[in-house]
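Just below is one structure, and these are the notes that go with it.
Here it is, written out as structure tokens:
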């Protein structure tokens, strides 16, 4: 096949059947939509191209830059598209979490601007947050930017209404599947595909997958974060279920090793969530059914992610003092303290208050007297043992209180006698009207 432009290659990705010998389902044919085979490597290629192509001529005439609040696959695709058309691209983000993506963006000539958001992602309801203010400015006209606005642009969803959904129907001989399972990030792909498939099969079971609150899975938001996305509508999904980072990696291993699909952890999470959901209904079926899930991107960009969480997969020794090894009972036993009790404790016992957020979020607003040790660095410090003495109590705080409770449990296991996690994190502290200061 011959094409005039690399952008002509976007879409028409294959739909591949997963062998029943792998997933074990007896009455359901399970298919993977391989969006990882888009030319820039992910499902975001479709949205990036659909959000830019209508404005490229004007942007090139005026010399505008393309800009997006993204630190992942959308930024990567937009950086390629910008370069193709001689335009600069700027990625605005609170925090770059995947080093391979950051390096690739720099290689593509992107400018990365990490700005002081109060939380780890855009929260449009918080009008005081710097990221929210920047988002509002970028959304105005005549800014000198082509702002693609992936969290709110209908063009994101329309890319999948026009492409991904109809392709699934075509490859299933015009029949919509009985089940559609998709991870939820910006919600563009899951919303667009679900709209098309439900139009052909109103009885379809649509499952949205989010990350466990305490876990980071690239490309998947947790249940609190998805409600901050303008494209997210709970009515799109019949069920919303969560997957953990370990489950996503386990699913990724199955796709990589058993299916020959070099999928990343998002695709792994989709596979694991799909099989888990379908097993609940498989045994009761009397007729064959069909299910589809999306493999969003490729594994190569996430080797540091895998190395940190599952070093044994890369023939490395298990990490000592790691939250990955915590038992559920240890998490349940961790001490969690509410805002009012924390204020009283700070005033009376002067615990060491450690803020685990990124440095920009800390600089924007933090608890007076707290110190900032970003969670990745804190993880490394604990790897070598207790980084501080046992005599002083410790209060841990993160954005919403999910990461801090895991580290509180780990420190307790390591022998610290009095470590507590702030319930609701810095967001809960702020919402309770407790004082915060800024650098």
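Numbering (this note's numbering), first residue to last: 1 to 439. Positions of the beta carbon are idealized from the N, C-alpha and C atoms, including for glycine. Source: prediction; values computed, not measured.
- Query: Skipping 5 residues on each side, what residues in its chain have a beta carbon closer than 7 Å to that of residue 116?
  - Reply: For the purposes of this step, residue 116 is taken as the residue at position 116 of the chain shown. Bear in mind that a pLDDT of 49 at residue 116, under 50, signals an unreliable position, so the number given afterwards is only what the model happens to contain. 130, 360, 361, 363, 364, listed in sequence order.
- Query: Taking just the CA atoms, how far does residue 153 sit from residue 230?
  - Reply: As a working mapping, residue 230 is identified with position 230 in the chain shown. As a working mapping, residue 153 is identified with position 153 in the chain shown. Straight-line Cα distance between these residues: approximately 8 Å.
- Message: Within a Cβ cutoff of 6 Å, which residues of the same chain sit near residue 28, ignoring the five residues on either side of it in sequence?
- Response: Mapped onto the chain shown, residue 28 falls at position 28. For residue 28, where only same-chain residues beyond five positions count, the Cβ hits under 6 Å are 278, 282, 289, 291.
- Task: Please name the residue, chosen from 394, 393, 338, 417, that lies closest to residue 431 on a Cα-to-Cα basis.
- Result: Position 431 of the chain shown holds residue 431. If we check each option's Cα against that of residue 431, 338 comes out closest.
- Message: Runs of 4 residues minimum, wholly inside the region 19-51: which ones carry the alpha helix (DSSP H) assignment?
- Response: 20-23
- Task: Taking all protein chains shown into account, decide if residue 301 is buried (16 or more other Cβ within 10 angstroms of its Cβ) or exposed.
- Result: One-based indexing of the chain shown puts residue 301 at position 301. Residue 301 comes out buried.
- Query: Is there contact between the region 66-85 and the region 39-49, where contact requires at least three CB pairs shorter than 8 Å?
  - Reply: yes
- Message: Going by C-alpha to C-alpha distance, which of 375, 252, 37 sits closest to residue 313?
- Response: Reading the chain shown from its first residue, position 313 is the one you call residue 313. Taking only the C-alpha atoms, the option nearest residue 313 is 252.
- Task: Quick one: using the 10 Å Cβ neighbour count with 16 as the cut-off for buried, is residue 327 buried or exposed?
- Result: Working through the chain shown from its first residue, we reach residue 327 at position 327. Residue 327 comes out exposed.
- Item | Where residue 366 falls: helix, strand or coil (DSSP) | Against the chain shown, residue 366 aligns to sequence position 366. In this structure, residue 366 counts as strand in the three-state DSSP scheme.
- Query: According to DSSP, is residue 191 helix, strand or coil?
  - Reply: Sequence index remark: in the chain shown, residue 191 carries index 191 (1-based). Here residue 191 sits in helix by DSSP.
- Message: What does the Cβ neighbour count give for residue 421, buried or exposed, with the cut at 16 atoms within 10 Å?
- Response: As a working note, residue 421 is residue 421 in the chain shown. Buried, by the Cβ-count rule.
- Task: Could you have a look at residue 320 and say whether DSSP puts it in helix, strand or coil?
- Result: Locating residue 320 in the chain shown gives position 320, where the first residue counts as 1. Reduced to three states, the DSSP call for residue 320 is coil.
- Taking C-beta to C-beta, are residue 208 and residue 164 nearer than 8 Å? Reading the chain shown from its first residue, position 208 is the one you call residue 208. Reading the chain shown from its first residue, position 164 is the one you call residue 164. Not closer than 8 Å, so no.
- Task: Please determine if the region 252-272 and the region 173-191 are in contact, where contact requires at least 3 C-beta pairs separated by less than 8 Å.
- Result: yes
- Item | Assigned exposure category for residue 150 - 16 Cβ within 10 Å defines buried | Numbered from its first residue, the chain shown carries residue 150 at position 150. Under this definition residue 150 is a buried residue.
- Item | Residue environment, residue 249, which counts as buried when at least 16 other CB atoms sit within 10 Å | Your numbering for residue 249 matches position 249 in the chain shown. It is buried - the Cβ of residue 249 has at least 16 other Cβ atoms within 10 Å.
- Item | Separation of residue 167 from residue 35, as counted between CA atoms | Here the question's residue 35 lines up with position 35 in the chain shown. Here the question's residue 167 lines up with position 167 in the chain shown. So the alpha carbons of these two residues sit roughly 11 Å apart.
- Task: May I ask you to report which of helix, strand or coil DSSP gives residue 74?
- Result: As a first step, residue 74 must be located in the chain shown, where it is residue number 74. In the structure shown, residue 74 sits in a helix (DSSP, three-state: H, G or I).
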